[in-house]
Amino acid sequence: RVREQIRTQLLQQLETVDLFMLPTTGVMPAPIRSDSPGLYLMAEDFAIYTPLFNLTGFPALALPCGFSSSGLPIGFQLAGQPFDEATVFQVGHSYEQSTPWHTRHPS
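Numbering follows my numbering, with no gaps: position 1 of the sequence shown is 1.
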């Protein structure tokens, strides 16, 4: 029931736009070898935006868009109409062709 309500709201929003563009996470990334006790508390914040599209079945694609001041990667996601993966991939591909982020690596 909740899934259908969310799905209906997303479909209504997609009547006025072609795609959604959102962050992939709610916090900056932590280094892989971080032993910070707060690291596990941040895990909930990481999955704040992506489950929405997993739950509703909307196609989504995560793309790199830069690096934090500490050199760790950050990204965003595109999401589109159900069964319209082609548009999501086409826009994602166009973005990658016009930016260098997918060729760079964390420091």
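All C-beta atoms in this analysis are idealised placements derived from N, C-alpha and C, irrespective of residue type, glycine included.
- Annotated as proximal: P64 and H102, with beta-carbon spacing under 8 Å.
- Take L10, set aside five residues on each side of it, and the residues of its chain with a beta-carbon closer than 7 Å to its own are T56, F58, in chain order.
- At the C-beta level, L19 and V88 come within 8 Å of one another.
- Close CB contacts of Y95 within its chain, under the 7 Å cut and outside five residues either way in sequence, are with L63 (chain order).
- Secondary structure at Q90: helix, using DSSP grouped into helix, strand and coil.
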